[in-house]
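J.: Going by this note's numbering, the first residue of the sequence shown is number 451, and it counts up by one from there.
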Amino acid sequence: MSEHKPGQPHQPENQLDEDAIAFAQGIFELARNGGTKMLNPLLEAGVPVDIRTSNGDSLLMLATYNGHVDAARLLLEKGADPDLANDRLQTPLAGVVYKGDMDCVNLLLEKGAGVDCRPDGAKTPLMYAAMFNRTNMIERLLEAGADPQLQDAEGNTALSLARAMDAQDAIKHLDR
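What follows is the structure, encoded as C-alpha cells:
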C-alpha cells in the first residue's frame with residue numbers, strides 16, 4: 451500500500467490502477483485511429499513505443515492493421531520494433547498482409563520488417579498473401595526475398611495453403 455503524503459489528494463490504489471489503464475487505453479486508441487499528432491508528444495514524453503495491449507498488439511500493430519501509414523511511420527521513426535509479434539503470433543507485416551493493405555506492406559518492408567520474420571511455427575506474411583489470393587503482395591514479398599519453402603507448425607508452405615484455399619492466382623504465382 452502506498453503512503454499518503456500530506457498536501458496531496460488521496461486516491462485509493464485501485465483508482466490509480468484504473469487511471470493508468472484508462473491512459474494506456476487512450477494511447478492504444480490513438481494508434482488504432484491514426485492519431486499521429488497526439489501520439490508524437492506522448493512518445494516524446496516517454497511513453498514506450500512498444501507498449502502492448504492485453505492481446506499483445508503493439509502500437510505499430512494497431513496503426514498498421516488499421517491502415518494508418520503516417521502513425522506507423524512515426525512509430526517506426528521512434529524505434530518501434532517492426533517484427534514484434536502479438537499473442538496470435540502475427541507480426542505487423544503478417545497483419546497488414548492479412549488485411550490487404552499494400553501501403554503498409556511497403557512501409558514496413560522499407561523500414562526493416564523481416565519479410566519472413568515470425569514466431570516459431572507461425573505463418574509467414576507470404577503464407578497469408580497466398581491464402582487470400584493477394585498476388586500483388588505475393589510479388590512484393592518475393593521481390594523482398596520471402597522464402598516460399600518455409601513451413602508453419604503443420605508443415606504448410608505458401609503454395610500448399612494457396613491450394614487449400616483454392617486461391618488460383620496465388621497458385622499460379624507460387625507454382626513456378
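Here a beta-carbon is modelled for each residue, glycine too, at the ideal position from N, C-alpha and C.
Alpha carbon to alpha carbon, how far is glycine 517 from glycine 484?
T.: In a straight line, the C-alpha of glycine 517 is about 8 Å away from that of glycine 484.
J.: Do lysine 561 and aspartate 602 have their C-beta atoms closer together than 8 Å?
T.: Contact: no.
J.: Opposite arginine 626 in the DSSP bridges: which residues?
T.: Arginine 626 pairs with nothing; no bridge assigned.
J.: Which residues in the same chain as leucine 492 place their Cβ atom closer than 8 Å to its Cβ, once the five residues preceding and following it in sequence are excluded?
T.: Around leucine 492: Ile477 and Leu480.
J.: Going by DSSP, which residues form a beta bridge with serine 508?
T.: Serine 508 is bridged to Arg502.
J.: Can you tell me whether methionine 451 is helix, strand or coil according to DSSP?
T.: In this prediction, methionine 451 scores a pLDDT of 44, lower than 50, which makes its location untrustworthy; the coordinate-derived value is nonetheless stated afterwards. The answer is coil: DSSP assigns methionine 451 none of H, G, I, E or B.
J.: On the three-state DSSP scale, how would you describe cysteine 567?
T.: If DSSP states are grouped into helix, strand and coil, cysteine 567 belongs with coil.
J.: Just the C-alpha distance for serine 452 and aspartate 469, rounded to the nearest angstrom, thanks.
T.: A caution first: serine 452 carries a pLDDT of 48, below 50, which makes its placement in the model unreliable, though a value can still be read off. So the two alpha carbons sit approximately 16 Å from each other.
J.: Quick check: the region 532 to 541 against the region 504 to 515, are there 3 or more CB pairs under 8 Å?
T.: Contact holds: three or more Cβ-Cβ distances are below 8 Å.
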